[in-house]
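According to full-length UniProt numbering, the sequence shown is numbered sequentially starting from 1.
Idealized CB from N, CA, C, for every residue including glycine.
From a predicted model like this one, the values you see are computed outputs, not experimental measurements.
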Amino acid sequence: MKAYEIPGHLEVKGNHLTIGGVDAVSLAETYGTPLYVTNEDRLRDNYRRFSAAFPGVSIFFAAKSNNNLVVQRIFAQEGAGADAFSDGEIYLARMAGIPAEKILFTGNSKTDAELQYAIDSGVMVSVDSRDELLALSKLAKKAKKEVKIAFRVNPDVSADAHPKLATGLKVSKFGIPTKDIVSIYKEAKKLPGVNPVGIHCHIGSQILETAPYTEATNKMMDLVEQISGFIDLEWVDLGGGFGIPYQKGTKVPTPKDWAKAILPTFKARCKKIGISPELHLEPGRYMVADSTVLLMRVNTVKKAYKNFVGTDAGFNTLIRPAMYDSYHEAVIANKAGSPAKGEYTVVGPICESGDILATDRQLPVVEKDDIVALLDAGAYGFCMSSQYVGRPRCAEVLVHNGKADLIRKRETFDDLLQNQIMPGRLL
Ligand SMILES: *Cc1c(COP(=O)(O)O)cnc(C)c1O
């Protein structure tokens, strides 16, 4: 079996890559390229595998990792809540059918309008600063509402993530320093319109070790111990960040391993304090990354300094390699069972030298019109795409039971013009 095959999800049939049993090459022909293809069953499997390892834990899907309504709808059906980073994400989560009381509005630097939207929607808010606390309290009081809040703690935990993906370091822009936590809960308790019921942290993304979670659990429980005398704590939220093996062979903890790193510590510390708050987790990437492949067509193969494979998707379609130096496995979908014959670098059609999707890969002979599949493209993929260089955004399809449904239309030139206004004097 090839390293990238996952039974029932990604397989090779008749030398073609299939996703959820559907031929990737025929999907590229039917819907055009670039194309994001998501396997519904894989989304559900990921959710169920993760939640089975964490019995009794509430899962809030990190909506920013994949903003497709259908994906969030599927998780809503599985029982997930949502971690929304903006008012727009609150809106999308509610449109997907996630009840307001299962939505946590996280994020830093929220506008007053966003806070107002959160109050009107009835969601919970993870407060990232004292300014935000005061603004929220004032707005909620005026609206005669009471908002359930948590504070986002900066736990000062160093996880071995890419610097742009570490969010729990002392120097990070996120969260409130631990030394200020007790006093801010005391202050919040006295303020109208806000009811501090939770405590929240999120230590980073694409984390591949379990130890930072145990450390974060302990640091959070130290704080819980200090506030539980005067705060009736309903939940502790340890965020997301659970990594996946983009590069096959990477050693990655399983959900059971993550659970072992968190649950016994959490439970023992709760017992010692004499409280029984719920535990919340906010996986994004783990739920969606490997559910999706990005299909793109080869326009040119050029033998220059290297063998460059020029495709129709660049960092306008998938920014992760350019932004985070991230690795995505590349498979020639119409030659998926053929042996490697050469070294190729897969590049996009954007006018920047950083527009490289896969570097120095061993692939079968690559030719014009082949279909390249980049694997594990479901997290921070389409949602980070843009129209840079005048390229309309691509389409998304969902595969299920051997059938495909278009779940996002390919944009057209009209979409490039949308919202642009030509002043009359220039007509
Ligand atoms: C982005 C984010 C997550 C999800 O991170 P993943 O690495 O995708 O699991 C969870 N919680 C918060 C607050 C986030 O900002």
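Check, Outcome
"Considering only the alpha carbon of each residue, which of Gly337, Val366, Pro339 and Ser205 lies closest to Val347?", "Val366"
"Under 8 Å by Cβ, that's how I've got Thr38 and Ser291 pegged, so tell me the actual separation to the nearest angstrom.", "5 Å"
"Taking the DSSP output, what are the residues bridged to Glu396?", "Tyr36 and Arg408"
"Buried or exposed: where does Phe230 fall if 16 or more other Cβ atoms within 10 Å of its Cβ makes it buried?", "exposed"
"Helix, strand or coil for Phe54 per DSSP?", "coil"
"Where do the N-terminal and C-terminal ends of the beta strand (DSSP E) with Gly81 fall, by residue?", "Gly81 to Ala84"
"Could you work out which residue in Leu115, Leu375 and Gly97 is closest to Val194 when comparing CA atoms only?", "Leu115"
"When the Cα atoms are used, what is the spatial distance from Glu89 to Gly14?", "41 Å"
"Assign Ser126 to one of two classes, buried (16 or more other C-beta atoms within 10 Å of its C-beta) or exposed (fewer than that).", "buried"
"Here's a check: name, in chain order, each residue in its chain whose Cβ is nearer than 6 Å to the Cβ of Gln247, leaving out the five neighbours to either side.", "Tyr327"
"Considering Asp344, what are the terminal residues of the beta strand (DSSP E) in which it resides?", "The amino acid at residue 344 is misidentified as Asp; the sequence shows Tyr. From DSSP, the beta strand (DSSP E) with Tyr344 extends over Gly342 to Val347."
"Starting from the C-beta of Ile273, find all residues in its chain whose C-beta is less than 8 Å away, skip the five residues before and the five after it, and write them out in chain order.", "Met221, Val224, Glu225 and Ser228"
"Inspect the beta-carbon positions of Asp131 and Phe105 and report whether they are closer than 9 Å.", "no"
"In the DSSP assignment, what residue or residues form a beta bridge with residue 430?", "As shown, the chain starts at 1 and ends at 427. That puts residue 430 outside it, with no answer to give."
"Taking only the alpha-carbon atoms, compute the straight-line gap between Lys368 and Val298 and give it to the nearest angstrom.", "5 Å"
"Alpha carbon to alpha carbon, how far is Arg320 from Gly168?", "21 Å"
"Check whether the region 27–44 touches the region 55–62, counting contact only when three or more Cβ pairs, one atom from each stretch, lie closer than 8 Å.", "no"
"Counting only the same chain and skipping the five closest in sequence on each side, list residues whose C-beta sits under 6 Å from that of Ala80.", "Ile59 and Phe61"
"Rounded to the nearest angstrom, how far is the Cβ of Leu281 from that of Phe85, given a contact under 8 Å?", "Not confirmed; about 16 Å, so no contact."
"Secondary structure at Val288, three-state DSSP: helix, strand or coil?", "helix"
"Give a yes or no on whether the C-beta atoms belonging to His16 and Ala333 are separated by under 9 Å.", "yes"
"Taking the CB atoms as reference points, tell me whether Met287 and Pro34 lie closer together than 9 Å.", "no"
"In the DSSP assignment, what residue or residues form a beta bridge with Asn195?", "Lys148"
"Are Gly107 and Ala159 closer than 9 Å when you measure CB to CB?", "no"
"Can you tell me whether Arg49 sits near ligand 1, meaning its C-beta is under 8 Å from at least one heavy atom of the ligand?", "no"
"For Leu406, count neighbouring C-beta atoms within 10 Å of its own C-beta (all shown protein chains included) and say buried if the count is 16 or more, exposed if not.", "exposed"
"Helix, strand or coil: how does DSSP classify Ala304 here?", "coil"
"Identify which residue in Glu278, Gln206 and Pro7 has its Cα closest to the Cα of Asp45.", "Pro7"
"Give a single yes or no on whether Glu89 has its beta carbon closer than 8 Å to a heavy atom of ligand 1.", "no"
"Could you tell me the distance, in whole angstroms, from the CA atom of Glu278 to the CA atom of Phe174?", "23 Å"
"Grouping DSSP H, G and I as helix and E and B as strand, with all else coil, what is Asn316?", "coil"
"Which two residues bound the contiguous alpha helix (DSSP H) that contains Val182?", "Ile181 to Lys190"
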